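Peer 1: Handing you this structure, nothing more for now.
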Amino acid sequence: MFDKTNIFQQAGLGESQENYLEAILVLGREQKPVRVKDIARFLQVSRPSVVTALAALAVKGLVRHERYGGVELTVAGRAVAEAVYQRHLLLEQFLYKVLGVSRAVARQDACRLEHSLSPETMKRLMIFVQQIDRQ
297 MFDKTNIFQQ
307 AGLGESQENY
317 LEAILVLGRE
327 QKPVRVKDIA
337 RFLQVSRPSV
347 VTALAALAVK
357 GLVRHERYGG
367 VELTVAGRAV
377 AEAVYQRHLL
387 LEQFLYKVLG
397 VSRAVARQDA
407 CRLEHSLSPE
417 TMKRLMIFVQ
427 QIDRQ
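Residues in the sequence shown are numbered consecutively from 297, following my numbering.
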């Protein structure tokens with residue numbers, strides 16, 4: 297599930313770019329099309345920042361965006377976004393269920409941690425959470 301090491305390495309993305317992909321994925325599940333202003337609101341950044349980030353992601357082949365149009369993830373972009381989102385969900389679940397922090401804090405901390413932990417740590421964490429869920 298989290299052996300997505302090659303996806304992250306090949307994409308060569310920073311935390312901010314991963315956050316943009318994750319935001320597009322989440323917003324795309326709630327509404328179509330995803331627009332620049334929606335991403336800006338979701339990430340609490342300016343519209344020009346979103347446009348700049350989308351241009352960089354488009355060059356990497358991870359998104360499609362036409363000026364004044366919607367934003368779409370490419371197949372490669374969706375793969376990276378899904379991997380980031382799965383890391384986020386696992387960390388949020390661990391923080392909330394195992395450590396007992398509030399949902400809000402778990403969500404915020406998961407967003408920070410999802411970019412920092414190694415694939416090995418994520419894999420071990422996944423196994424641990426699965427064992428806890430079985431009990």
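Built from N, CA and C at the ideal position, the CB exists for glycine as well. Just so we're clear, the structure is a prediction, and the values are computed from it rather than from any experiment.
#1: What distance in whole Å lies between the Cβ atoms of Leu-369 and Ile-320, which are believed to be in contact at a cut-off of 8 Å?
#2: Ignore the nearest five residues each way along the sequence and tell me which others in Val-367's own chain have a CB closer than 8 Å to its CB.
#3: Which residues share a DSSP beta bridge with Val-367?
#4: Write down the C-beta distance between Ser-388 and Ala-406 rounded to the nearest angstrom, noting that I regard them as a contact closer than 8 Å.
#5: Could you check if Gly-396 is buried or exposed, using at least 16 other CB atoms within 10 Å of its CB as the buried criterion?
#6: Within a Cβ cutoff of 6 Å, which residues of the same chain sit near His-384, ignoring the five residues on either side of it in sequence?
#7: Where does Thr-301 sit, in a helix, a strand or coil, going by DSSP?
#8: Mapping the DSSP letters down to three states, classify Glu-410 as helix, strand or coil.
#9: Could you tell me whether the Cβ atoms of Leu-353 and Tyr-381 are closer together than 8 Å?
#10: Just to confirm, is the Cβ distance from Leu-386 to Met-422 under 8 Å?
Peer 2: Here's the rundown:
#1: Right, the Cβ-Cβ distance comes to about 6 Å (below 8 Å), so this counts as a contact.
#2: Non-local C-beta neighbours of Val-367 in its own chain, meaning closer than 8 Å and more than five positions away in sequence, comprise Ile-320, Pro-329, Val-330, Arg-331, Val-332, Ile-335, Leu-350, Val-359, Arg-360, His-361, ordered along the chain.
#3: DSSP lists Val-330, His-361 as partners of Val-367.
#4: The displayed chain sequence assigns Glu, not Ser, to residue 388. With a beta-carbon spacing of about 4 Å, Glu-388 and Ala-406 fall inside the 8 Å limit used to define contacts.
#5: So Gly-396 counts as exposed.
#6: Same-chain partners within the cutoff: Ala-406, Glu-410.
#7: A caution first: Thr-301 carries a pLDDT of 47, below 50, which makes its placement in the model too unreliable to give a value.
#8: Note: Glu-410 maps to coil in three-state DSSP.
#9: Cβ distance not < 8 Å, so Leu-353 and Tyr-381 don't count as in contact.
#10: Taking 8 Å as the Cβ cut-off, Leu-386 and Met-422 qualify as a contacting pair.
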